[in-house]
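Visitor: Below is the structure I would like to discuss, written out as structure tokens.
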Amino acid sequence: MIKRSILLIGLAFVCCLTTESGAQTIGVDSIRTAIEQAESLYVGGSFAEAASLFSNLTDLNPSYEGADRFRFMEAKSLYYAGEPDQASDLLISVLATEPPPFLQSACHYFLGRIAFDRVDYLAAAEELIRAFHLSDNQELRELLYQNCLNICSGYLSFSEQQQVLTTTHRIDPALFSDMVYRIASNYYDLGLMRRADRVIKLHAEISPRDGDTQIKRLQTNIESELSRSLDIALLVPLTGDLAPYGRQMDAAARLAVETFGTETVNISLKSYDTFGNSIVAAQLARDVTSSGVSVVVGPLTSQEAVGAAAYSDFWSVPMILPSASEKGLTSISRRIFQLTPTPETMGRRMAEAAMEELGLDSVAILSPNDNYGRQITEGFKQVLIANGVVVFDEVYYARGSSDFRRFMLNMKEKVLPDTFDTRIYLDNRGDTLEVEEIAVDIPAVFIPAYAEELKLIIPQLRFYRIRTIILGSEDLGDPDVASLAATKQYPAMFVSHATLTDADTSWQRFSYLFSQSNETEPTSVAGMTFDAVRIALRAAEIGGYSADGIALGLETLGYFDGVAGPLEFNELNENAQAPIYILLNGLIEKWRR
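All residue numbers for the sequence shown refer to the working numbering, where the first residue is 4 and numbers rise by one.
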């Protein structure tokens, strides 16, 4: 409809030709014949030829009062012929002659189309506003207006919308009020109350004396909707040794509110400094949960979370733990939700993936003798034993150990024949071989060790000539471990909730936004805090804005693809998702199964 209307505008100048002015050059009949030929070429889609003929008409009649209309039709033909730059220059030159308003409107419309094609949406919207203001065709005005509103709503940032509205107020104050109302109403209908409110407030700033009644009614409705609020208490260490983590958590939480939460919920986010102290964390949890907050995010560590969880249970306020991973925290309260998988969950996921990918029938285990090592190994063994996989060797070492010779030899002896006799194993000189020197193949060894220990264990595997597949946890993805020459000789799989690759596009986007506002790269803790606030906002949409509603929303959330990793709460409110990675020749890839 717009194209048809503009075409009629462009050709309407025929009616304005007069015998007197036409006779000055080539004669009225010749002009009409040329116009009919150009029009026929245009309608037939021969735009380049039409442009050439309209150009000739201008050249033959440069002083003719309708020459600007020939130039407009030339520009229009050039646009459709795929020459937007030439068309733009010509349209600007037509406007410089101050043609009749209807022709100015048509020029601005096509300049808007060219700007839109160039992805300059701000310029496109402003040109359409000018076209609207200059047009006296009611049908065309409505089409232009709708196009401008669509661009404002779908392509412009709020600051750009502000520029368009400011331009509109300068060009046409009456149009400005109506445009404010329609943009704000659109946001209101979409449920984006905060954006609607910001548009209304912008109207008050630009035109404070405008008493538009429909805007006032809309403002009342928006304020009523905004009375729904979500109060988030963030428990983080802002001072002390853990302060760097706390500051990242604070920044990530605010980024989550800014980028994902402001359209649907009236959010209040306040940070409380735990100093990294368990007692302070418990006191703060008591204060904020009793004050009526909707949800608590944090604390950082499992030690802090133990005391805080009790108050979450007492006041029935949901508490989302971004990084605390200790098993049993959710047993303190049904309102506790853990984003970081427990070590036991990670062990189970590692076993499931290893059986599916490798078809294991037996495995050896070398694990640190601490809570983490015991828990992750327990989860790993539960799945293996339930599926008939044999754990033929299981050793727990003290943290700080450096010599793993005894484990290596014991493991080798268990896979050698019961009738093993060193005399039948000879080297190429005919000398007998000791156990250390005999190469053996073992299906897999599960080593959920820490990075500094892996740097010692993996070279010793190679030294003792043990060929195997290494299974492990997130420290196997540590760059210093993955790049070891010894590591590159072993295929490996590991489970991790903190390993990120170039394929993690959601993390890349989050990292970019975080770095832009904080001038530092985010840690995985920042990513998990970002996800914690996002799921709180999502839960509010599902269940409501009260503490009970958010708890219900979290329980029914389902699968959530977070920037720091996937999330799906199990019946214990623990995250049951833990990604698996393949490490091969020093390169890490996410396992896609």
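Each residue gets a CB set at the ideal place from its N, CA and C atoms; glycine is no exception.
Residues in its own chain within less than 8 Å of Ile218 by CB, not counting five upstream and five downstream?
Guide: Once the five neighbours on either side are set aside, the close Cβ partners of Ile218 are Ser180, Val183, Tyr184, Ala187, Ile203, His206.
Visitor: Could you give the distance in angstroms between the alpha-carbon of Asn150 and the alpha-carbon of Phe75?
Guide: Each residue's Cα considered, the two are about 21 Å apart.
Visitor: Find the nearest neighbour of Tyr515 within the set Ala535, Ser294, Leu258, judged by alpha-carbon distance.
Guide: When each option's Cα is compared against that of Tyr515, the closest is Leu258.
Visitor: How about the region 376 to 389 and the region 404 to 420: do they share at least three Cβ pairs that are nearer than 8 Å?
Guide: With the cut-off at 8 Å, the region 376 to 389 and the region 404 to 420 do not touch.
Visitor: Does Asp120 come out as helix, strand or coil in the three-state DSSP assignment?
Guide: Looking at Asp120 - three-state DSSP - the assignment turns out to be helix.
Visitor: If you draw a straight line from the C-alpha of Val162 to the C-alpha of Leu168, how long is it?
Guide: Correcting the residue identity first, residue 162 is Ser in this sequence and not Val. Between Ser162 and Leu168, the C-alpha separation is close to 10 Å.
Visitor: Per DSSP, what kind of secondary structure is Arg74 in: helix, strand or coil?
Guide: The answer is helix: DSSP assigns Arg74 an H, G or I state.
Visitor: At what residues does the beta strand (DSSP E) containing Tyr275 begin and finish?
Guide: 269 to 276 is the extent of the beta strand (DSSP E) around Tyr275.
Visitor: Quick check: the Cα distance between Lys458 and Arg289, rounded to an integer number of angstroms?
Guide: Going from the Cα of Lys458 to the Cα of Arg289 covers about 44 Å.
Visitor: When you compare only the Cα positions, how much space is there between Thr502 and Pro569?
Guide: Rounded to whole angstroms, Thr502 to Pro569 spans 12 Å at the Cα level.
Visitor: Strictly by DSSP, which residues pair up with Leu587?
Guide: Answer is Leu590.
Visitor: Using DSSP bridges, identify the partner residues of Leu159.
Guide: Leu159 pairs with nothing; no bridge assigned.
Visitor: In the DSSP output, which residue or residues are listed as bridge partners for Ala367?
Guide: Beta-bridge pairing links Ala367 to Asp396, Val448.
Visitor: So for Gly350, helix, strand or coil by DSSP?
Guide: Reduced to three states, the DSSP call for Gly350 is helix.
Visitor: Ile2 lies in the alpha helix (DSSP H); which residues open and close that run?
Guide: Missing from the structure shown is residue 2; the chain here goes from 4 to 596 and no further.
Visitor: Are there 16 or more other CB atoms within 10 angstroms of the CB of Val46, so buried, or fewer, so exposed?
Guide: Exposed, since its Cβ has fewer than 16 Cβ neighbours within 10 Å.
Visitor: Where does Ile461 fall in DSSP's three states?
Guide: DSSP places Ile461 in helix when its eight states are reduced to three.
Visitor: Could you tell me the boundaries of the alpha helix (DSSP H) in which Phe572 lies?
Guide: Note, Phe572: premise wrong, no alpha helix (DSSP H); not H, not E.
Visitor: Drop a sphere of 10 angstroms on the beta-carbon of Arg537, count the other beta-carbons inside from all chains shown, and report buried for 16 or more, exposed for fewer.
Guide: Label assigned to Arg537: buried.
Visitor: What does a CB cutoff of less than 8 Å around Asp88 pick up in its chain, not counting 5 residues either side in sequence?
Guide: Cβ within range, chain order: n/a, list empty.
Visitor: Cα separation between Ile174 and Gln165?
Guide: One C-alpha to the other measures close to 14 Å.
Visitor: Taking only the alpha-carbon atoms, compute the straight-line gap between Ala401 and Glu455 and give it to the nearest angstrom.
Guide: About 13 Å.
Visitor: So, under 8 Å CB-CB, Asn189 and Ser156 are touching, yes? Tell me the CB distance rounded to an integer number of Å.
Guide: Right, their Cβ atoms sit about 6 Å apart.
Visitor: Between which two residues does the alpha helix (DSSP H) harbouring Ala259 extend?
Guide: Looking at the DSSP string, the run of the alpha helix (DSSP H) that includes Ala259 is 246 to 259.
Visitor: Taking Cβ positions, are Leu238 and Ala284 nearer each other than 7 Å?
Guide: Taking 7 Å as the Cβ cut-off, Leu238 and Ala284 qualify as a contacting pair.
Visitor: Per the contact definition of three or more C-beta pairs closer than 8 Å, is the region 577 to 585 in contact with the region 329 to 342?
Guide: Segments in contact, yes.
Visitor: Below 7 Å between beta carbons: does that hold for Leu60 and Phe73?
Guide: Result yes, Cβ atoms of Leu60 and Phe73 sit closer than 7 Å.
Visitor: When you compare only the Cα positions, how much space is there between Arg408 and Asp483?
Guide: Using only the alpha carbons, I get a separation of about 23 Å.
Visitor: Closest to Asp444 by C-alpha separation, out of Ile461, Arg465, Ile469, would be which residue?
Guide: Closest by alpha carbon: Ile469.
Visitor: Ile473 lies in the beta strand (DSSP E); which residues open and close that run?
Guide: First-last of the beta strand (DSSP E) with Ile473: 473 to 475.
Visitor: Is Ser281 helix, strand or coil when you go by DSSP?
Guide: In this structure, Ser281 counts as helix in the three-state DSSP scheme.
Visitor: Which residues bound the alpha helix (DSSP H) around Ile335?
Guide: Per DSSP, Ile335 belongs to no alpha helix (DSSP H) and is neither H nor E.
Visitor: My parser needs the beta strand (DSSP E) runs of 3 or more residues fully inside the region 464 to 524; what are they?
Guide: 473 to 475, 495 to 498, all fully within the region 464 to 524.
Visitor: Pair every Cβ in the region 493 to 502 with every Cβ in the region 470 to 482, then say whether three or more of these pairs are closer than 8 Å.
Guide: These segments touch.
Visitor: Could you tell me the boundaries of the alpha helix (DSSP H) in which Phe317 lies?
Guide: Here the alpha helix (DSSP H) through Phe317 covers 305 to 318.
Visitor: How far does the alpha helix (DSSP H) with Ala2 in it extend, from its first residue to its last?
Guide: Past the boundaries of the shown model lies residue 2; the chain is included only from 4 to 596, so the question cannot be answered.
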